[in-house]
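Just so you know, the sequences run in chain order A and B.
Residue 42 is where the first sequence starts when you use my numbering, and the numbers rise one by one after that.
Residue 15 is where the second sequence starts when you use my numbering, and the numbers rise one by one after that.
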Amino acid sequence: MARPYGYALAIILGIIKRLASVPIRTLAEACRCTWRPGYAVANTEPVAVVGGAVMKCAALCFLLMTGAALEARAQSDPSAVFTRKCSGCHTFGNGVLVGPDLKGVTERHSRRWLVSWISSSERAIRSGDSAAVALFNKYRQQRMPDQNLSGDDVAALLDYFASGGPEADARRKSRRANMATAAEIDLGRSLFLGEQPLADGGASCSSCHRLTGTASRGGSLGPDLTRAYARFQDKRLASLLERGCFPRVGHVGGRNSVTDQESFALRAFLRQATMNQRAPVASSKHGGRW
Amino acid sequence: MVSDEFLFIVAPGLSAASLLSLSLRCALRRQPERGGEQTERTAGARTIWRWAIAIVLAGHLLAFAFPAGVLAWNRQPLRLFILEGTGLAAGIVALFGLTTVLVRRALDNRDAPSPAEVVAGTFICIEVVSGLAIAVLYRWGSSWSVVTLGPYLLSLVRLEPAVGLVADMPFPVRLHVFCAFAVVASLPFTRLAGAVISSLTRRMHSTVARAALAGAAVPRGLQMRSTKHLQVALSMFSVDHEREN
Chain A
42 MARPYGYALA IILGIIKRLA SVPIRTLAEA CRCTWRPGYA VANTEPVAVV GGAVMKCAAL
102 CFLLMTGAAL EARAQSDPSA VFTRKCSGCH TFGNGVLVGP DLKGVTERHS RRWLVSWISS
162 SERAIRSGDS AAVALFNKYR QQRMPDQNLS GDDVAALLDY FASGGPEADA RRKSRRANMA
222 TAAEIDLGRS LFLGEQPLAD GGASCSSCHR LTGTASRGGS LGPDLTRAYA RFQDKRLASL
282 LERGCFPRVG HVGGRNSVTD QESFALRAFL RQATMNQRAP VASSKHGGRW
Chain B
15 MVSDEFLFIV APGLSAASLL SLSLRCALRR QPERGGEQTE RTAGARTIWR WAIAIVLAGH
75 LLAFAFPAGV LAWNRQPLRL FILEGTGLAA GIVALFGLTT VLVRRALDNR DAPSPAEVVA
135 GTFICIEVVS GLAIAVLYRW GSSWSVVTLG PYLLSLVRLE PAVGLVADMP FPVRLHVFCA
195 FAVVASLPFT RLAGAVISSL TRRMHSTVAR AALAGAAVPR GLQMRSTKHL QVALSMFSVD
255 HEREN
């Protein structure tokens, strides 16, 4: 994303350079003329300069916001990709369905082979790859449909399988926050403060809530969450995170929950905050919904 | 006690109807209006507060149009501080400018405001003050409004009002939202509407006339209409100017 910001900087410098070439008095006159249609000036060139600068600034704002939106494009959740794209024909640890069990697939095949297979199994079979042909013959010569997944999606999916896949998700769901690792607590911190976007692209917790240790970065619409874990514990906190803590649209596109992994990390971070800060419950400006 | 349904379903409907009347007035009008000229001249030369209002409005529009972009922008604390700080500074400048104009208008016996203008001015002041209160009391509005007020406005556009998104908000937020509808509803009855219509139509006609002079292929009917409009506007301006002198 460095390149768009570089372009933006170049455009800003161009605007400043162009405006600097016009005497300040003439520029002020031109601004007045641009703002007030009835106002007449002898020289119309500065008016064009000001008009051009305004148009460029508007275009720049649009470009920057679009760039930020593209940057924000949330990476797809691999567990959702598995459910949507794979679970119709594959299981993870429950045996053969239509295709093979995907548990341990990253150990049975190389990553490169898996990427090419997922991208186009037909091409892999036609190329005469022995592993591809063997799979094709083993599973009643039913070819796996080509998947319309980006390189990032495939990589995330393979990482997901390597780290335990749906089985690990199920284990994580039953985990309590006191079992979290330091990395998971750190992930929770990043998610809470918005340093790392939520998978659904929704607003971070710190947009509305604050913690005693992060007062300057947290919002003040909702209550202080320093003691939230002490009040609600794992089960109720997980349920609150799942349905959203406020009658709101959690995601810009309409979904309304965090993933299991995010929920666990957030609970772990909130538990850590409760442990670290023994501050009294702050009064809520918003009715103390938590 | 006024119900939430009235404040956040009926009021936006009324303001939309009022805005529609302004659009119809704009579309049906053939002669330039004097009201616009007068408002522009009496508004004074200092335009910085107008820019401040424009910045605040543009910020609100951006948050509504690019919610994901705004959230991504706010992900870095520095960018969040810049956005919120700019909005707050622009709001303070806008409030200062509005207060100056209102005091000047109140003291000027020659140019007394109409009742509609008093109502609209009051609502605008409440709108700006409540906006500043929100910025100070409930910080990072640019982030939380994206998942609450933005979807509420979108639900109005879809004609499926989700009142719950705004009804549970703190009082200053609800006041800000309601006053926004009230401002939109009352503005078409003020001279500012005349100024906006006048400015827009004059810009449109002068662009058409310039394009025709430069040899662009402009339909003859449109060209004649624009030329006539500009001639009438010029004669009205000359008459007013002579009267003033």
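For every residue, glycine included, the Cβ atom is placed at its ideal position computed from N, Cα and C.
With respect to chain A, the C-beta atom of residue 63 (chain B) has no partner C-beta closer than 8 angstroms. Distance from the Cα of residue 275 (chain A) is smallest, within the candidate group A:61, A:250, A:304 and A:249, for A:304. Three or more beta-carbon pairs drawn from the region 179 to 191 of chain B and the region 151 to 160 of chain B are found closer than 8 angstroms, and the two stretches are therefore classed as touching. Using a CB distance below 7 angstroms, the part of the region 256 to 285 of chain A facing chain B consists of 258, 260, 261 and 262, ordered along the chain. Counting of Cβ neighbours within 10 angstroms places residue 215 (chain A) among the exposed residues, the total staying below 16. Closest in C-alpha terms to residue 82 (chain B), from the list A:141, A:284 and A:241, comes A:241. Counting along the chain, residue 148 (chain A) sits inside the alpha helix (DSSP H) bounded by residues 146 to 149.
Annotation for residue 277 (chain A): no residue places its beta carbon closer than 6 angstroms to its own, counting only its chain and skipping 5 residues before and after. Residue 310 (chain A) and residue 230 (chain A) have their C-alpha atoms roughly 6 angstroms apart. When the Cα atoms are used, residue 58 (chain A) and residue 118 (chain B) turn out to be separated by approximately 38 angstroms. For residue 194 (chain A), the uninterrupted alpha helix (DSSP H) run begins and ends at 192 to 203, by DSSP.
Among the residues of the region 25 to 39 of chain B, none has a Cβ less than 9 angstroms away from any Cβ of chain A.
Within chain A, the residues whose beta carbon sits less than 7 angstroms from that of residue 91 (chain B) are 258, listed in sequence order.
Contact note: residue 75 (chain B) does not reach chain A at a C-beta cutoff of 8 angstroms; the least C-beta distance is about 10 angstroms. Around the CB of residue 238 (chain B), fewer than 16 other CB atoms lie within 10 Å, so the residue is classed as exposed. Within 10 angstroms of the beta-carbon of residue 208 (chain A) lie fewer than 16 other beta-carbons, which makes it exposed. At a C-beta separation below 7 angstroms, residue 248 (chain A) has these neighbours in chain B: 154, 157 and 158.
Nearest Cα to residue 180 (chain B) within the set B:36, B:171 and B:192: B:192.
The beta carbon of residue 161 (chain B) sits closer than 8 angstroms to some beta carbon of chain A.
The C-beta of residue 210 (chain A) has 16 or more other C-beta atoms within 10 Å across all chains shown, which makes the residue buried. The beta-carbon separation of residue 225 (chain A) and residue 314 (chain A), rounded to 14 angstroms, does not stay under the 8 angstroms limit for a contact. Note on residue 302 (chain A): 16 or more other CB atoms within 10 angstroms of its CB, so buried under the neighbour-count rule. Within chain A, no residue has its CB atom less than 8 angstroms from the CB of residue 167 (chain B), the nearest being about 11 angstroms off. Using a CB distance below 9 angstroms, the part of the region 219 to 241 of chain A facing chain B consists of 234, 235, 236, 237 and 238, ordered along the chain. In this structure, the beta-carbon distance from residue 119 (chain A) to residue 51 (chain A) does not fall below 8 angstroms.
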